[in-house]
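*Asks:*
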Amino acid sequence: MAKRKKRVTRPANDAAPSLPPITPGLLSPPRRVPADIERPPYASTGDPGPSISDLRRTPDELSAMRRTGAKAAEILLRAGELVAPGITTDAIDEFVHQACIDAGGYPSPLNYRGFPKSVCTSVNEVICHGIPDSRPLADGDIINIDVTLFCEGVHGDTSTTFLVGDVDDASRRLVRETARSLDLAITAVKPGGLVNEIGKAIENHARQHRLGVVREFIGHGVGTEFHTNLQIPHYYERRLQTRIEPMMSFTIEPMLTLGEPHAALWDDDWTAVTIDGTRTAQFEHTLVMTDEGAERLTITAAGDCAHDHVAAMIA
Ligand code: MF3
Ligand code: CO
Ligand code: CO
C-alpha cells in the first residue's frame with residue numbers, strides 16, 4: 001500500500017513562495033575607475049580607517065550632498081528600469097558602475113572593506129550586501145539595489161526593493177510595508193529628538209503587519225565618510241539617548257522580514273541571508289535634519305525617487 005502523503009503545514013505568515021534558495025554565482029573581472037575620478041580614501045587599500053568626521057555637515061558639505069544625493073537617486077531609478085526576468089545582477093553592476101563614472105563620481109561600495117563590486121544587489125532571502133554575480137533574475141523575485149555614489153567629497157546612499165515580473169502577494173505586502181516603515185520613520189524623527197524614535201516607528205509598523213525587523217544591520221551617519229559613528233537602529237532601543245541635531249546627515253534603511261529576522265553570513269563574508277530562508281525587503285534614503293524635520297537628500301532634481309515609484313505601483 002502506498003504511503004499516505006504527509007500534509008504539508010504552511011508557515012504561520014502568508015509567506016514564502018518555495019523558490020530555490022539563492023546560491024553564489026560567478027563574479028566578473030574587477031571593474032576600473034578612470035584616474036581623473038576623485039576616489040574615497042579606502043579605494044586603494046580597502047580600509048576606511050576609524051571615523052573622524054563630525055556628525056554635522058557644513059553648509060558647503062550639505063550643498064554637495066544635495067547634488068550627490070540627486071545623482072545617486074537618478075542612478076537608482078535608471079537601474080530599477082533594468083530590472084526584469086533574465087538580467088543578471090552583474091549586468092546591473094556594470095550599469096551602476098558606468099553611471100557613477102558618467103556622473104563624475106566613484107561607486108562607493110567598490111573596495112570598501114574589500115567589497116568586490118560597485119553596487120549591492122540583494123535578492124529574495126538576501127537581507128543586504130549581496131554581491132552582483134552571474135545569476136539572472138527570475139520571474140517572481142524581489143531585488144534590493146543599493147547605490148552609493150561618492151562625488152564632490154561626499155556620499156549619497158540609497159536603496160529600493162524592486163519587483164521582478166509577477167510577484168506573489170506576500171512578497172508584495174512585504175515590499176509595500178517596508179517602504180511605508182521608512183516613510184513613517186522619516187516623519188517620526190524631529191530636530192533635537194531622540195534617535196530611538198526612528199526604530200520605534202519602524203518596529204511598531206512591522207509588528208502591526210506581523211513582519212520581523214533585522215537588528216544586525218543598522219542605519220548610519222553618512223557624509224564625507226561612508227559610515228560615521230552615528231548609529232541608527234531600526235528597532236526600539238529604550239536606552240539609546242542620542243539626539244539628532246540640525247545639520248546631522250544619516251541614513252535610515254530598514255530591513256523587514258516575512259519570517260524570523262535573524263541573519264547568517266555566506267562564506268564570502270558579505271552576503272547576509274535570513275536563517276529561515278524567508279524573504280526580506282529594504283528601503284534606504286540619505287537624510288539631513290533641518291529645523292523642520294528630516295529631509296530626503298536622495299531624490300532627483302525633479303523630486304522623485306525609485307522608492308516612491310515602487311510604493312505607488314503596489315499601493
Ligand atoms: N550601502 C550600504 C549601506 O547602506 C553599505 C554597503 S557596504 C559595501 O550602508 F561594501 F557592501 F558596499
Ligand atoms: Co547605508
Ligand atoms: Co546603502
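With my numbering, letter number 16 in the sequence shown gets 16, and the count goes up by one each step, no holes.
Note that CB positions come from ideal geometry on N, CA and C, so glycine has one too.
Predicted model, so just to flag it, every value in this text is computed and none were measured.
(1) Locate the alpha helix (DSSP H) running through L82, then write down its first and last residues.
(2) When you compare the stretch 54 to 68 with the stretch 146 to 160, are there three or more beta-carbon pairs, one atom per stretch, that lie closer than 8 Å?
(3) Which of the three DSSP states is assigned to A306 in this structure?
(4) Can you check which of these residues, N204, M255 and A138, is closest to E284 by C-alpha distance?
(5) Taking all protein chains shown into account, do 16 or more other C-beta atoms lie within 10 angstroms of the C-beta of N204, making it buried, or fewer, making it exposed?
(6) Please report the Cβ distance between E237 and G192, rounded to the nearest whole angstrom; I am assuming they are in contact, meaning their Cβ atoms lie under 8 Å.
(7) What do you reckon, is the C-beta of W270 under 7 Å from a heavy atom of ligand 1?
(8) Any idea if G49 is buried or exposed, counting beta-carbon neighbours within 10 angstroms, 16 or more meaning buried?
(9) Closest by CA to A91, which one among L77, T161 and V119?
(10) Counting along the chain, where does the beta strand (DSSP E) carrying D295 start and finish?
(11) Ends of the alpha helix (DSSP H) at G156?
(12) Count the other CB atoms within 10 Å of the CB of T187; is the residue buried (16 or more) or exposed (fewer)?
(13) Tell me whether E38 counts as near ligand 2, meaning its Cβ is closer than 7 Å to at least one heavy atom of that ligand.
(14) Please confirm whether any heavy atom of ligand 1 lies closer than 7 Å to the CB of R337.
(15) Rounding to the nearest angstrom, what Cα-Cα distance links D268 and T23 in this structure?
(16) Rounded to the nearest angstrom, what separates K190 and I202 at their Cα positions?
(17) Go through the residues and name those whose CB comes closer than 7 Å to any heavy atom of ligand 3, in chain order.
(18) With 16 other CB atoms within 10 Å as the buried threshold, where does T58 fall?
(19) Below 7 Å, is the gap between the Cβ of H309 and the nearest heavy atom of ligand 2?
(20) My parser needs the alpha helix (DSSP H) runs of 4 or more residues fully inside the stretch 115 to 158; what are they?
(21) Cβ of H129 versus every heavy atom of ligand 2: is any distance shorter than 7 Å?
(22) Quick one: Cα of N196 to Cα of T242, how far?
(23) Per DSSP, what are the beta-bridge partners of L110 in this structure?
(24) Are the Cβ atoms of T280 and T257 separated by less than 8 Å?
(25) To the nearest angstrom, report how far apart I52 and S249 are at their CA atoms.
(26) For L297, count neighbouring Cβ atoms within 10 angstroms of its own Cβ and tell me buried if that reaches 16, exposed if not.
(27) Identify which residue in A263, P85, Q282 and G46 has its Cα closest to the Cα of D276.
(28) Looking at the structure shown, is A103 part of a helix, part of a strand, or coil, going by DSSP?
(29) Going by beta carbon distance, what residues of the same chain come within less than 6 Å of G221, once the five residues before and after it are set aside?
(30) Are the Cβ atoms of I145 and A79 separated by less than 8 Å?
(31) Using a Cβ-based criterion (distance less than 7 Å to any ligand heavy atom), does P109 qualify as near ligand 1?
(32) DSSP on A12, reduced to helix/strand/coil?
*Replies:* In short, the structure shows the following:
(1) P59 to L82
(2) yes
(3) helix
(4) M255
(5) exposed
(6) In fact, because the Cβ distance is near 18 Å, the residues do not count as touching under 8 Å.
(7) yes
(8) exposed
(9) V119
(10) According to the sequence displayed, residue 295 carries Glu and not Asp. Segment A294 to R296, the beta strand (DSSP E) holding E295.
(11) No alpha helix (DSSP H) contains G156, which is instead part of the beta strand (DSSP E) from V154 to L163.
(12) exposed
(13) no
(14) Look at the range of the chain in this structure, 1 to 315, and you will see that residue 337 is not part of it.
(15) 11 Å
(16) 15 Å
(17) C120, D146, T148, D157, T158, S159, T251, E253 and E284
(18) exposed
(19) no
(20) none
(21) no
(22) 8 Å
(23) Partner(s): none; L110 has no beta bridge.
(24) yes
(25) 15 Å
(26) buried
(27) A263
(28) coil
(29) L55, T228, L230 and F250
(30) yes
(31) yes
(32) The predicted model places A12 with a pLDDT of 42, which falls under 50 and marks its position as unreliable, so this point remains unresolved.
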